[in-house]
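Visitor: Protein chains in written order, with our numbering: chain A, 7 to 330; chain B, 2 to 123. Glycine is no exception: its CB is placed at the ideal position from the N, C-alpha and C atoms. Values in this document were obtained by computation on a predicted structure and should not be read as measured data.
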Amino acid sequence: MNFHLLLKELNFLHECRKLRWGIWQCPPFLVIANGCITIAAMIGTYLLASRFVEEPEIAALIVMGVAAFLIIIGSLMVKGFNEIAEAHRIKSEFITIVSHQLRSPLSIFKWTVDLLNRISKKEELSQRHEWENSITTLHNTAENMIRLVNLLIEVSRIESATAIFRKKALSLPAETEKILRDFQSYARAFRITVAFRPDASLPSVEGDEERVAIVIHNLIDNAIRYTAGGGQIVIRIARKGSFLAWSITDQGMGIPEDQKAFIFQKFFRAGNVVDKQTRGSGIGLYTVKAITEAMGGAVGFESQEGKGSMFWFTLPIARDQSNQ
Amino acid sequence: MKKILFIEDEQALQRAATQVLHEEGFEVLSAIDGESGVRIAESEHPDLILLDLILPKKHGLEVVKELKQNPATARIPVIVLSNLSEDTDVEKAVELGAVTYLVKTNYGLSEVVEKVKQALGE
Numbered sequence: 007m008n009f010h011l012l013l014k015e016l017n018f019l020h021e022c023r024k025l026r027w028g029i030w031q032c033p034p035f036l037v038i039a040n041g042c043i044t045i046a047a048m049i050g051t052y053l054l055a056s057r058f059v060e061e062p063e064i065a066a067l068i069v070m071g072v073a074a075f076l077i078i079i080g081s082l083m084v085k086g087f088n089e090i091a092e093a094h095r096i097k098s099e100f101i102t103i104v105s106h107q108l109r110s111p112l113s114i115f116k117w118t119v120d121l122l123n124r125i126s127k128k129e130e131l132s133q134r135h136e137w138e139n140s141i142t143t144l145h146n147t148a149e150n151m152i153r154l155v156n157l158l159i160e161v162s163r164i165e166s167a168t169a170i171f172r173k174k175a176l177s178l179p180a181e182t183e184k185i186l187r188d189f190q191s192y193a194r195a196f197r198i199t200v201a202f203r204p205d206a207s208l209p210s211v212e213g214d215e216e217r218v219a220i221v222i223h224n225l226i227d228n229a230i231r232y233t234a235g236g237g238q239i240v241i242r243i244a245r246k247g248s249f250l251a252w253s254i255t256d257q258g259m260g261i262p263e264d265q266k267a268f269i270f271q272k273f274f275r276a277g278n279v280v281d282k283q284t285r286g287s288g289i290g291l292y293t294v295k296a297i298t299e300a301m302g303g304a305v306g307f308e309s310q311e312g313k314g315s316m317f318w319f320t321l322p323i324a325r326d327q328s329n330q
Numbered sequence: 002m003k004k005i006l007f008i009e010d011e012q013a014l015q016r017a018a019t020q021v022l023h024e025e026g027f028e029v030l031s032a033i034d035g036e037s038g039v040r041i042a043e044s045e046h047p048d049l050i051l052l053d054l055i056l057p058k059k060h061g062l063e064v065v066k067e068l069k070q071n072p073a074t075a076r077i078p079v080i081v082l083s084n085l086s087e088d089t090d091v092e093k094a095v096e097l098g099a100v101t102y103l104v105k106t107n108y109g110l111s112e113v114v115e116k117v118k119q120a121l122g123e
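1) Return the residues of the stretch 93-109 of chain B that lie within a Cβ-Cβ distance of less than 7 Å from chain A, sorted by chain order.
2) Within a Cβ cutoff of 6 Å, which residues of the same chain sit near A:Ser309, ignoring the five residues on either side of it in sequence?
3) Taking Cβ positions, are B:Leu68 and B:Ala75 nearer each other than 8 Å?
4) With a cut-off of 8 Å, does the C-beta of A:Thr233 fall near any C-beta of chain B?
5) Strictly by DSSP, which residues pair up with A:Thr118?
6) Can you find a CB in chain E that lies within less than 8 Å of the CB of A:Lys184?
7) Buried or exposed: which applies to A:Ile159, given that a residue is buried once 16 or more other Cβ atoms fall within 10 Å of its Cβ?
8) Buried or exposed: which applies to B:Asp53, given that a residue is buried once 16 or more other Cβ atoms fall within 10 Å of its Cβ?
9) When the Cα of B:Ile77 is compared with those of B:Thr106, B:Leu97, B:Ile33, which residue comes out closest?
10) Please name the residue, chosen from A:Gly28, A:Ala267, A:Val72, A:Pro322, that lies closest to A:Met48 on a Cα-to-Cα basis.
11) Can you list, in chain order, the residues of its chain with a C-beta nearer than 6 Å to that of A:Cys22? Leave out the 5 residues immediately preceding and following it.
12) Nearest chain A C-beta to B:Val21 closer than 8 Å, yes or no?
13) If we count the other Cβ atoms within 10 Å of its Cβ and call it buried at 16 or more, is A:Phe317 buried or exposed?
14) Within 8 Å, do at least three Cβ pairs link the stretch 238-255 of chain A to the stretch 195-211 of chain A?
15) Could you check where the alpha helix (DSSP H) with A:Pro34 kicks off and where it finishes?
16) I'd like to know whether the C-beta of A:Glu136 is nearer than 8 Å to at least one C-beta of chain B.
17) Any C-beta of chain B within less than 9 Å: which residues of the stretch 249-262 of chain A qualify?
18) Give the secondary structure of A:Gly4 by DSSP, where H, G and I count as helix, E and B as strand, and everything else as coil.
19) With respect to the alpha helix (DSSP H) encompassing B:Lys116, which residues constitute its N-terminal and C-terminal limits?
20) Where does A:Ile297 sit, in a helix, a strand or coil, going by DSSP?
21) Can a CB atom of chain A be found closer than 8 Å to the CB of B:Glu11?
22) Just mark B:Gly61 as buried or exposed, buried being the case when its beta carbon has 16 or more other beta carbons within 10 Å.
23) Identify the contact partners of A:Trp318 in chain B, using a Cβ-Cβ distance below 8 Å as the criterion.
24) In angstroms with no decimal places, state the Cα-to-Cα distance between B:Asp48 and B:Gly35.
25) For B:Ser86, which residues of its own chain have a beta-carbon under 7 Å away from its beta-carbon, when the five flanking residues on both sides are left out?
26) Excluding sequence positions up to five away, which residues of its chain have a Cβ less than 8 Å from the Cβ of A:Met83?
27) Beta-carbon separation of A:Pro322 and A:Phe270 under 8 Å?
28) With burial defined as no fewer than 16 other Cβ atoms inside 10 Å of the residue's Cβ, what is the status of A:Asn224: buried or exposed?
29) In terms of residue numbering, what span does the beta strand (DSSP E) encompassing A:Gly314 cover?
30) Between which two residues does the beta strand (DSSP E) holding A:Glu212 run?
31) Distance check for B:Glu25 and B:Lys3, CA to CA, integer angstroms please.
32) Identify every residue that forms a DSSP beta bridge with A:Ile373.
33) Might you give, ordered along the chain, the residues of its own chain that have their beta carbon closer than 7 Å to the beta carbon of A:Ile220, omitting 5 neighbours on each side?
34) For A:Ile170, does the three-state DSSP call read helix, strand or coil?
35) Could you spell out the range, first to last residue, of the beta strand (DSSP E) harbouring A:Tyr192?
36) Determine the DSSP secondary structure at A:Pro62, reduced to helix, strand or coil.
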C-alpha cells in the first residue's frame, strides 16, 4: 500500500495534468529536469574538459553554453512557481469578493423575511403595502443572486476552458428586444428612456443564444445603472463588413482616462463608479469580453468622464447569410 | 425618544430596519452615503449610529474616523453593520472607535435591536 502511495506522490505529471498545466509549466517536472540536466552537464563538462584540456576555450564555451541552458530551465521554474502563487492569490481574492457580493443579497433576504414575520403577526390592513413591497424585494433579490451566481459560473467555465458554445443563427434585434422588455421597469425607476435603432434588414449572426443574452444584458444593465439622474440610452445595430456591430450609448458618468486600460479586467470597477454605486461585481465586462471573443467577435468602448460612454461588440454574420 | 442614525446605501435594508426600530420606540434617521451620514450626525446628534462600511462617497471607516475626531460627535456610540468580515476590517473599525462590529448576515433584525439597546444601556 505504501509503495502505491509513494508511486502516486511521484506521479507529478498526473497532478500537473489535473491542474491543466503544460509540461513546461509543471514545477515538479522542471525541478527534476533541472536536476538531471545539472548532473549530465557536470559529467559532460568533466569528460569534454579532460579530453580538450589543451583547448581551454572550447571547454569554457561548453561550460557557458550549459550554464545558459540551466539558467533558462531555472527561469521556467521560477515562472512556474510565480504562476502558482498568482493563481493562489487570485483564488483568495475571488473568494473574498464573491463572499461579499453574495452576502449582500442574503442580508436583504434575512431582514425582509424578519419583517414579513413581524407583519404576519399583525392584522392591520395598513401593513399590506409593506407586505407586498417585501415580497417584491425578495423576488428581485433572488433574481439578482441567481444572475450573480450564473455570471460566476460563466467566468469559471471561461477560465478553465470548459465552456461549450452552442452556436446557431440568431437575430440580434430580436434578442435585444427580448432583453429590453425585462428592463422596462428598471429603466423607469432610473428615469432612463431607451431608444432602440437597429438598421433595417439585418442578417443573422452566429452565436450562442444564452451567452449573447448575457452580453446584451450586462451592457444594458451597466448603461442604466451608471447613468444617475435620468437620461437616454441609445442602442444601435449595423452591418460592418462580415460582422454585425451592436452598440449602446449612455449619458452616464463615463470612465476616467487613467482607468480605461483596466475596464475589462476581472473585478475592476472604476473609481468614479465605486464612489457612487457600491453594488456591482466587477466581472460583468470581463465576461462580456471573454464571451464575445470566444464567439469570434470583438468588444470595445469610447468614453468621456462626466459625459457618457459607448460600448460596442461585434459578432460574425451567420455563414449562410453573409452573401445577403 | 432615542434617535438612531442608520447609514446604509441598500434601500431594502433601510426600510426593514427603520420599520422595526420605529416599532421598538426609536426615532430613525437615514443616510444612504458616507458624506450625508457625517452631515446628519453633526446636525442631528443621534444617540447611536448604525453604520455600513461599503458606502458611496465615503467609506464607513472614514466616517467612524471623522465622527470620532469631531468633539460634537465623538461620544456617539457607533455599531458597524457590514458584510465584510476580515479580521483586519474588524480590528480597524474597533481601533477607530466602533463599540461593536456585526456581520449583517449573522444577525436578524431582533438581534440588531438587542445590540442597539445594549449599546444604549437599556
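Guide: In short, the structure shows the following:
1) Taken in chain order, the members of the stretch 93-109 of chain B whose beta-carbon sits within less than 7 Å of a beta-carbon on chain A are Lys105, Thr106, Gly109.
2) The residues are Gly260, Ile261, Ser315.
3) Yes, the Cβ-Cβ distance between B:Leu68 and B:Ala75 is below 8 Å.
4) No, its Cβ sits nowhere closer than 8 Å to a Cβ of chain B.
5) When DSSP reads this structure, A:Thr118 sits in no beta bridge, so it has no partner.
6) In the structure shown, chain E does not exist; the protein chains are A and B.
7) Exposed, because fewer than 16 other Cβ atoms sit within 10 Å of the Cβ of A:Ile159.
8) Counting every other CB atom within 10 Å of its CB across the protein chains shown gives B:Asp53 a total of 16 or more, marking it as buried.
9) Selected option, being the one with the closest Cα: B:Leu97.
10) Scanning A:Gly28, A:Ala267, A:Val72, A:Pro322 for the CA closest to the CA of A:Met48 turns up A:Val72.
11) Same-chain partners within the cutoff: Cys32.
12) Taking a beta-carbon distance threshold of 8 Å, B:Val21 counts as an interface residue toward chain A.
13) Buried, since its Cβ has 16 or more Cβ neighbours within 10 Å.
14) In the pairwise beta carbon analysis, the stretch 195-211 of chain A is classified as touching the stretch 238-255 of chain A: at least three pairs are separated by under 8 Å.
15) 33-57 is the span of the alpha helix (DSSP H), which, as asked, contains A:Pro34.
16) So, interface residue.
17) Along the stretch 249-262 of chain A, there is no position whose C-beta sits under 9 Å from a C-beta of chain B.
18) The structure shown does not extend to residue 4 of chain A, since chain A spans only 7 to 330, so no value can be given for it.
19) That run of the alpha helix (DSSP H) goes 110-120.
20) Correct three-state label for A:Ile297: helix.
21) Output row for B:Glu11: interface = yes.
22) The C-beta of B:Gly61 has 16 or more other C-beta atoms within 10 Å across all chains shown, which makes the residue buried.
23) Within 8 Å Cβ-Cβ: nothing; A:Trp318 doesn't reach chain B, min ~28 Å.
24) Straight through space, the alpha carbons of B:Gly35 and B:Asp48 are spaced by roughly 18 Å.
25) Here the set comprises Val104.
26) Within the same chain, Cβ atoms closer than 8 Å to the Cβ of A:Met83 are found at Pro33, Leu36, Val37, Asn40, the five residues on either side in sequence being excluded.
27) Not in contact: A:Pro322 and A:Phe270 (Cβ atoms no closer than 8 Å).
28) A:Asn224 should be labelled buried.
29) Unbroken beta strand (DSSP E) run through A:Gly314: 314-322.
30) Under the DSSP assignment, A:Glu212 falls in the beta strand (DSSP E) whose first and last residues are 211-214.
31) Cα to Cα, B:Lys3 sits roughly 10 Å from B:Glu25.
32) The shown model of chain A, from 7 to 330, leaves out residue 373 of chain A, and the question about it has no answer.
33) Excluding sequence neighbours, A:Ile220 sits near Glu160, Thr293, Ile297.
34) DSSP places A:Ile170 outside both helix and strand once states are collapsed to three, so it counts as coil.
35) Premise fails: A:Tyr192 lies in the alpha helix (DSSP H), 190-195, not in any beta strand (DSSP E).
36) Helix at A:Pro62.
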